[in-house]
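Under this note's numbering, the first residue of the sequence shown carries the number 283, and numbering increases by one thereafter.
Taking it in order: structure first as structure tokens, then the write-up.
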Amino acid sequence: MTIRILPPPGAPRRLAAAQLGNSVGDGAYYVCSALYFTQVVGLSPARIGLGLTLAWAIGSVASVPLGALADRRGPRGTSVLLALATAASVSSFLFIRSFWAFLFAAVGYATAQCGLAAARQALLAGLVTPQERTGVLAHLQSVLNAGLALGAALGGLALSVGTEQSYLAVFVLDAAGFLLCAAVLLRLPAVAPVPERAAGEPRLAVLRDRPYALVTLLNAVLLLRMPLLSLAIPLWIVQRTSAPGWLVSALFVLNTVAVMLFQVRAARPVIDLDGARRAVRRSGLLMAASCVVFALSALPAARWAAAALLVAGAALQADAEMRQSAGSWQIGFSLAPADRIGQYQGFFGTGVPIARTLGPVLLTSLLLLWGIPGWLLLGAVLLAASYGMGPAVRRAGAVHRGTGPAAAVAA
């Protein structure tokens, strides 16, 4: 199992150590933060939701210029500074006692996290050959899931204690994780910044690259799967099926363990854009099938039958997630110019905060209000996006090679 999870020695393994360092704290934070802000700080769930929505929206906008900063100033130093900024913003949660202080801290946290993601991608691109990037990212995703699982268990211990001090210990753990992340990243080899842009070249060229924007949009649609497991499916199980409530945590564990163990294997065939398109297309088919299975779980049936359908749907979803992740990593890197990896990865990565902010509202409205037809519509949308990715990637690839009709637009 260790061989499957850990990447090769050297820079990839140090990147994995940095990933593990902050993911353990993040796992505990995700479990405890909502209860801390409501029970200790005294914020209403509506205000927490509003604050986090605004924070991730601002963070997604900031990720492009922060990724461009990593290109110009060097991704290692930028990554270290953003990891330190994330640690500082998490630490500030220890002292907030009002909505405006919470909003300020949340904006800092989301901005630093989004920028750090873009800068680390640029750092990886400078340390790992193009042929190895998707495989290394698969290892990092496995390590991420292992860290989140361990952190969630520690967060569960804090919840069982239920005191203010136990919640504060979680924030200290998360901040310490990002300090460790910064220390590990600092030990990596430096990656030279890109040359200064030529006169007349746009500062943020990715914002004018419409073919790449279309690919990013389709990827954001596919990432609507992210709030399914954390929000929509738990509510679906409780409100629409006869399955036992404990199945919510069981499905989360199933997904986490599956990705931890099999993400590397799922990414192995994805070595070029053709393989990436196939992986994304197959992930769309699997997601559509999982939506149908989840929909069937609401039909009148015995508890065990509903539970079996939910487990089957979750297994299909996990398989789809691993294939979509591998395909999107290859696409995001392959279509980015070598001297603009940071800003392009910052832009491509906006799909994650978009899914986090818009996904909960869209999915709860679609699935809990519409029921079975909502699941079928969601499956159709995800399937269409996955099949649309192929032509969009081919067009973007032609543009970046200078052979497409829109090459002048992207230049």
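All residues carry an ideal CB built from backbone N, CA and C; glycine is no exception.
Keep in mind that this is a model prediction, so the values were computed, not measured.
Would you call the region 314-325 and the region 606-624 touching, i.e. three or more CB-CB distances under 8 angstroms? With fewer than three CB-CB distances shorter than 8 angstroms, the region 314-325 does not count as touching the region 606-624.
Who are the near neighbours of residue 476 in its chain, counting only those whose CB is closer than 6 angstroms to its CB and skipping five residues on each side? Counting from one through the sequence shown, the residue named residue 476 turns up at place 194. These residues qualify, in order along the chain: 353 and 621.
Straight-line gap, residue 359 to residue 574 (C-alpha atoms, nearest Å): Mapped onto the sequence shown, residue 359 falls at position 77. Mapped onto the sequence shown, residue 574 falls at position 292. Between residue 359 and residue 574, the C-alpha separation is close to 47 angstroms.
So the candidates are 379, 331 and 400; which of them puts its Cα closest to the Cα of residue 365? Translated into the one-based positions of the sequence shown, residue 365 becomes position 83. Distances from the alpha-carbon of residue 365 to those of 379, 331 and 400 put 400 closest.
Using 8 angstroms as the limit for Cβ to Cβ distance, is residue 489 near chain C? Among the chains of the structure shown, chain C does not appear; only one protein chain is present.
Nearest to residue 591 (by Cα), restricted to the options 524, 629 and 369: Residue 591 sits at position 309 when you count from the first residue of the sequence shown. When each option's Cα is compared against that of residue 591, the closest is 524.
Rounded to whole angstroms, what is the Cα-Cα separation between residue 681 and residue 445? Taking the sequence shown and counting its residues from 1, the one referred to as residue 681 is at position 399. Taking the sequence shown and counting its residues from 1, the one referred to as residue 445 is at position 163. Residue 681 and residue 445 have their C-alpha atoms spaced approximately 57 angstroms apart.
Cβ of residue 579 within 8 angstroms of Cβ of residue 595? Residue mapping note: residue 579 aligns to position 297 of the sequence shown, counting from 1. Residue mapping note: residue 595 aligns to position 313 of the sequence shown, counting from 1. Contact: yes.
Label residue 585 either buried or exposed according to how many other C-beta atoms from any shown protein chain fall within 10 Å of its C-beta, with 16 as the threshold for buried. Along the sequence shown, read from residue 1 onward, the residue named residue 585 stands at position 303. Label assigned to residue 585: exposed.
Is the Cβ-Cβ distance between residue 288 and residue 421 less than 8 angstroms? By one-based count along the sequence shown, residue 288 stands at place 6. By one-based count along the sequence shown, residue 421 stands at place 139. Taking 8 angstroms as the Cβ cut-off, residue 288 and residue 421 qualify as a contacting pair.
For a quick check, are the C-beta atoms of residue 348 and residue 417 less than 8 angstroms apart? Stepping through the sequence shown from its first residue, residue 348 is reached at position 66. Stepping through the sequence shown from its first residue, residue 417 is reached at position 135. In this structure, residue 417 does not lie closer than 8 angstroms to residue 348 by Cβ.
On the three-state DSSP scale, how would you describe residue 322? Counted from its first residue, the sequence shown places residue 322 at position 40. In the structure shown, residue 322 sits in a helix (DSSP, three-state: H, G or I).
With residue 670 and residue 500 assumed to form a contact (beta carbons below 8 angstroms), what rounded beta-carbon distance in angstroms separates them? As a position in the sequence shown, residue 670 is number 388, starting the count at 1. As a position in the sequence shown, residue 500 is number 218, starting the count at 1. Contact flag correct, Cβ pair sits at about 6 angstroms.
When the Cα of residue 746 is compared with those of 453, 662, 404 and 314, which residue comes out closest? Here the chain covers residues 283 to 693 and nothing more, so residue 746 does not appear.
What do you reckon, are the CB atoms on residue 565 and residue 598 nearer than 8 angstroms? Here residue 565 refers to the residue found at position 283 when the sequence shown is read from its first residue. Here residue 598 refers to the residue found at position 316 when the sequence shown is read from its first residue. In this structure, residue 598 does not lie closer than 8 angstroms to residue 565 by Cβ.
Report buried or exposed for residue 518, applying the criterion of at least 16 other Cβ atoms within 10 angstroms of its Cβ. Taking the first residue of the sequence shown as position 1, residue 518 is located at position 236. Counting Cβ neighbours within 10 Å, residue 518 comes out buried, since at least 16 surround it.
Close Cβ partners of residue 545 (< 6 angstroms) along its chain, the five nearest in sequence each way excluded: Along the sequence shown, read from residue 1 onward, the residue named residue 545 stands at position 263. The residues are 420, 423, 424 and 604.
Pair every Cβ in the region 438-452 with every Cβ in the region 377-388, then say whether three or more of these pairs are closer than 8 angstroms. When Cβ pairs closer than 8 angstroms are counted between the two stretches, the region 438-452 is seen not to touch the region 377-388, the count staying below three.
If you draw a straight line from the C-alpha of residue 677 to the C-alpha of residue 607, how long is it? As a working note, residue 677 is residue 395 in the sequence shown. As a working note, residue 607 is residue 325 in the sequence shown. The alpha-carbon atoms of residue 677 and residue 607 are separated by roughly 21 angstroms.
If we ignore side chains and look at the alpha-carbon of each, how far apart do residue 383 and residue 391 end up? In the sequence shown, counting from the first residue as 1, residue 383 sits at position 101. In the sequence shown, counting from the first residue as 1, residue 391 sits at position 109. Between residue 383 and residue 391, the C-alpha separation is close to 12 angstroms.
Could you pull the start and end residues of the alpha helix (DSSP H) that residue 460 belongs to? In the sequence shown, residue 460 corresponds to position 178, counting from 1. 446-468 is the span of the alpha helix (DSSP H), which, as asked, contains residue 460.
For residue 448, which residues from the same chain have a beta carbon less than 6 angstroms from its beta carbon, with the 5 sequence-adjacent residues on both sides left out? Within the sequence shown, the letter at position 166 stands for residue 448. So the list reads 440, once near-sequence residues are dropped.
Beta-carbon within less than 8 angstroms of residue 413's beta-carbon, same chain only, minus the 5 sequence neighbours each way: which residues are those? By 1-based counting over the sequence shown, the position of residue 413 is 131. Answer for residue 413: 553, listed in chain order.
If I measure Cβ to Cβ from residue 285 and keep anything under 7 angstroms in the same chain, skipping five residues before and after, which residues do I get? For this step, residue 285 is matched to residue 3 along the sequence shown. Unreliable placement is indicated for residue 285, whose pLDDT of 45 sits below 50; the coordinate value is still reported in the next sentence. Nothing meets the Cβ criterion.
Can you give the Cα-Cα distance for residue 690 and residue 673, rounded to whole angstroms? On the sequence shown, position 408 is the one that residue 690 refers to. On the sequence shown, position 391 is the one that residue 673 refers to. Interpretation of residue 690 is limited by its pLDDT of 34, a score under 50 that renders its predicted location unreliable; the figure taken from the coordinates is listed afterwards. Going from the Cα of residue 690 to the Cα of residue 673 covers about 19 angstroms.
Considering just the uninterrupted stretch of the alpha helix (DSSP H) at residue 308, what are its terminal residues? Numbered from 1 along the sequence shown, position 26 holds the residue referred to as residue 308. Residue 308 -> alpha helix (DSSP H) spans 293-317.
Might you give, ordered along the chain, the residues of its own chain that have their beta carbon closer than 8 angstroms to the beta carbon of residue 437, omitting 5 neighbours on each side? By 1-based counting over the sequence shown, the position of residue 437 is 155. These residues qualify, in order along the chain: 309, 310, 311, 312, 313, 314 and 452.
Below 8 angstroms between beta carbons: does that hold for residue 488 and residue 301? Within the sequence shown, the letter at position 206 stands for residue 488. Within the sequence shown, the letter at position 19 stands for residue 301. No, they are not a contact pair.
Taking only three categories from DSSP, how would you classify residue 583? Position 301 of the sequence shown, counting from 1, holds the residue named residue 583. Coil at residue 583, not helix or strand.
Just to confirm, is the Cβ distance from residue 568 to residue 534 under 8 angstroms? Residue 568 sits at position 286 when you count from the first residue of the sequence shown. Residue 534 sits at position 252 when you count from the first residue of the sequence shown. Result no, Cβ atoms of residue 568 and residue 534 do not sit closer than 8 angstroms.
Hey, is the region 638-648 in contact with the region 456-470, meaning 3+ C-beta pairs nearer than 8 angstroms? Judged by Cβ distances under 8 angstroms, the region 638-648 makes no contact with the region 456-470, as fewer than three pairs qualify.
Residue range of the unbroken alpha helix (DSSP H) whose run includes residue 554: To locate residue 554, count along the sequence shown from 1; it is residue 272. Where residue 554 is concerned, there is no enclosing alpha helix (DSSP H), given that its DSSP letter is neither H nor E.
How many Å lie between residue 520 and residue 655 at the Cα? Translated into the one-based positions of the sequence shown, residue 520 becomes position 238. Translated into the one-based positions of the sequence shown, residue 655 becomes position 373. In a straight line, the C-alpha of residue 520 is about 18 angstroms away from that of residue 655.
To the nearest angstrom, how far is it from the Cα of residue 688 to the Cα of residue 629? Indexing the sequence shown from 1 puts residue 688 at position 406. Indexing the sequence shown from 1 puts residue 629 at position 347. Any answer about residue 688 is weak, because its pLDDT of 41 lies below 50 and its placement is not dependable; what the coordinates show is given next. Computed Cα separation, rounded: 19 angstroms.
Just confirm the distance between the C-beta atoms of residue 455 and residue 307, as a whole number of angstroms; I'd bet it's less than 8 angstroms. Your numbering for residue 455 matches position 173 in the sequence shown. Your numbering for residue 307 matches position 25 in the sequence shown. The Cβ separation is near 5 angstroms, so the contact holds.
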